[in-house]
Every structure is written in structure tokens, then in C-alpha cells.
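Reviewing the structure listed below.
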Amino acid sequence: MIIAANWKMNPPLADAGALAAAYAAESFDGVTRILFPPAPYLVQMGVRLDGADMQVGGQDCHHNASGAHTGDIAAGMLAECGASTVLLGHSERRTDHGEDDALVAAKAVAALTTGLDVMICVGETLDQREAGAAEAVVTAQLDGSVPAGIEASRLMLAYEPVWAIGTGKVASVEDIAAMHAAIQQWLAGRDLASVPILYGGSVKPANADTIFGVPDVGGALVGGASLKAEDFSGICSAGARTAAARS
Ligand code: 13P
Numbered sequence: 119m120i121i122a123a124n125w126k127m128n129p130p131l132a133d134a135g136a137l138a139a140a141y142a143a144e145s146f147d148g149v150t151r152i153l154f155p156p157a158p159y160l161v162q163m164g165v166r167l168d169g170a171d172m173q174v175g176g177q178d179c180h181h182n183a184s185g186a187h188t189g190d191i192a193a194g195m196l197a198e199c200g201a202s203t204v205l206l207g208h209s210e211r212r213t214d215h216g217e218d219d220a221l222v223a224a225k226a227v228a229a230l231t232t233g234l235d236v237m238i239c240v241g242e243t244l245d246q247r248e249a250g251a252a253e254a255v256v257t258a259q260l261d262g263s264v265p266a267g268i269e270a271s272r273l274m275l276a277y278e279p280v281w282a283i284g285t286g287k288v289a290s291v292e293d294i295a296a297m298h299a300a301i302q303q304w305l306a307g308r309d310l311a312s313v314p315i316l317y318g319g320s321v322k323p324a325n326a327d328t329i330f331g332v333p334d335v336g337g338a339l340v341g342g343a344s345l346k347a348e349d350f351s352g353i354c355s356a357g358a359r360t361a362a363a364r365s
């Protein structure tokens with residue numbers, strides 16, 4: 119089980135240190151934890167988590183290795199700052215910054231070249247789901263965002279229905295199962311069957327066991343609940359229970 123904390127543009131640095139210290143004090147059998155802090159905090163959070171059972175990663179990177187790109191961050195810089203992984207194609211990047219699948223794929227190539235692993239996000243909007251297009255949308259995102267020839271061991275996917283992010287709404291177990299099965303089938307067709315598929319969107323301690331009960335769910339990408347040490351811990355405990363039950 120992979121359980122990742124996506125802090126997005128939160129919290130203040132003073133709170134970040136305490137939160138990372140709380141994360142560092144725990145570990146969970148069968149659970150790999152990854153923290154995606156805001157980029158300016160990366161080194162400091164890496165220090166806090168040094169020797170702890172949790173990796174750090176970047177929330178985004180540029181598709182070029184260096185150059186005149188004010189405000190952007192190269193994948194190699196993330197790696198130099200201690201990142202093992204970079205999150206790419208989050209729906210907030212796709213919406214706020216107009217990132218399309220081709221750009222996400224180019225960023226993934228840049229990240230892989232520097233030695234980072236990639237976690238690529240996909241997910242449909244409510245309109246797309248209501249139109250019956252959810253699986254077609256997600257499959258098209260996978261086709262466009264996952265670079266051809268990527269090694270399975272370097273890739274993680276996160277299925278995050280856009281309408282479930284930060285809303286308190288969670289996809290039904292049936293909808294999660296159907297989408298994760300569709301993604302699994304897509305992966306299997308490309309020799310990527312071992313790639314973990316995380317679910318994201320309003321994951322909380324109270325719903326984590328139910329979500330992790332879906333067979334193809336390989337973990338969670340957690341936003342809001344990762345900002346409370348106790349809630350993130352509760353989700354990781356559910357992950358450990360699931361890992362034990364599956365082994
Ligand atoms: P929430 O857990 O706040 O819904 O956010 C999910 C998410 O976008 C994680 O990347």
C-alpha cells in the first residue's frame with residue numbers, strides 16, 4: 119500500500135515542521151508513505167523525515183532540465199533536494215495551469231531522466247461522469263500522459279475523480295472498483311500490471327478501510343486529511359490493516 123500526503127499550498131512552515139515530526143514518529147507495516155510538501159519546504163521536510171519511514175517528493179516539475187523558466191522547478195532540482203518521486207498531472211495543475219496530457223508526459227520523461235519516479239494523476243469531472251464518459255476520459259488521459267516504454271517500477275497512478283477532491287464526496291465502492299479495474303486492464307495491456315493505482319478524493323480515516331477494501335486499490339493520495347497528523351495516521355493504519363489482510 120502506498121499512502122501519499124499531498125499538502126498542496128498548505129500549511130504555514132511552522133505547522134509543517136510539527137506535522138512532519140508527527141509523521142516521522144510513526145511507521146506502518148506494509149505501507150510506503152510519501153510526502154509531497156510545497157517545494158520551498160522540501161529540504162526542511164526531508165531533514166525532519168531523515169531516518170523515518172517516509173519519502174519526500176515534488177508536487178510538479180518543469181519539462182525542461184534547466185533554462186529561462188522563471189518560477190519553475192526542474193526535476194533534477196527536486197532530486198537534489200531529496201525527492202524520490204514527483205506528482206504529475208494533478209487536476210489542480212490541469213485546471214489552474216492548463217496542463218494537458220502531452221505536457222504531463224513530457225514532464226514525466228524529464229523526471230524519469232533525472233532518476234525520479236513519477237505518480238501520474240487522472241480523473242474525470244462530474245459533467246464527464248454524468249455524461250457516461252468517465253472511463254473514456256480516464257483512458258484517454260492515460261494514453262496521453264503516461265510516456266511510452268516507462269518501466270513499471272518507476273510509475274504510480276492516482277485515480278482522483280475531480281468532483282471528489284476537497285468536497286467530502288467519495289466515489290461509491292462500485293465506481294471505484296469499476297474505474298480501478300479499467301485502469302488495471304489498461305496497464306496490463308502495456309506490461310505495467312504491477313503499477314500501483316492509488317485512489318484520491320476526500321479519503322479520511324472513516325472511509326479508508328472501505329476504499330482499501332476494493333481489490334485494485336493500491337493506496338491513497340490524501341489532501342485535506344494529510345494536514346492533520348491524527349487523520350493521516352488513521353488512514354495509514356487502515357493501509358496497514360489492508361496490507362496484512364492481502365498478504
Ligand atoms: P482531498 O483529500 O482534500 O480531497 O484531496 C485529494 C487530492 O487532491 C490529493 O491529491
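Residue numbers (my numbering): 119 to 365.
Note that CB positions come from ideal geometry on N, CA and C, so glycine has one too.
As the structure is a computational prediction, the values presented were derived from the model and not from experiment.
By DSSP's assignment, CYS239 forms a beta bridge with ALA276. Relative to VAL165, the option among ASP190, GLY148 and GLY135 whose CA is nearest is GLY135. If you draw a straight line from the Cα of PRO155 to the Cα of CYS199, it is about 12 Å long. Checking the 7 Å criterion, the Cβ of VAL321 is within range of a heavy atom belonging to the ligand 13P.
Taking the Cα positions, ALA123 is about 20 Å away from ASP214. Closest in C-alpha terms to ARG308, from the list PRO265, ALA142 and ALA170, comes PRO265. Pairwise C-beta distances place the stretch 305-319 in contact with the stretch 277-289, as three or more of them are shorter than 8 Å. Residue range 347-364 is occupied by the alpha helix (DSSP H) that includes ARG359. GLN173: member of the beta strand (DSSP E) spanning 172-176, first to last residue.
In the DSSP assignment, PHE330 falls within the alpha helix (DSSP H) that extends over 323-330. For GLY194, the enclosing alpha helix (DSSP H) stretches over residues 193-198. Spanning the alpha carbons of SER344 and GLY169 requires a straight line of approximately 20 Å. When only Cα atoms are considered, ARG359 and GLY207 end up about 29 Å apart.
The straight-line gap separating the alpha-carbon atoms of ALA223 and LEU273 is approximately 12 Å. Here ARG364 is exposed, its C-beta having fewer than 16 other C-beta atoms within 10 Å. Exclusion of the five residues before and after ALA270 leaves LEU310, SER312 and VAL313 as the residues of its chain whose Cβ lies within less than 6 Å of its Cβ. In the three-state scheme derived from DSSP, where H, G and I count as helix and E and B as strand, VAL165 is classed as helix.
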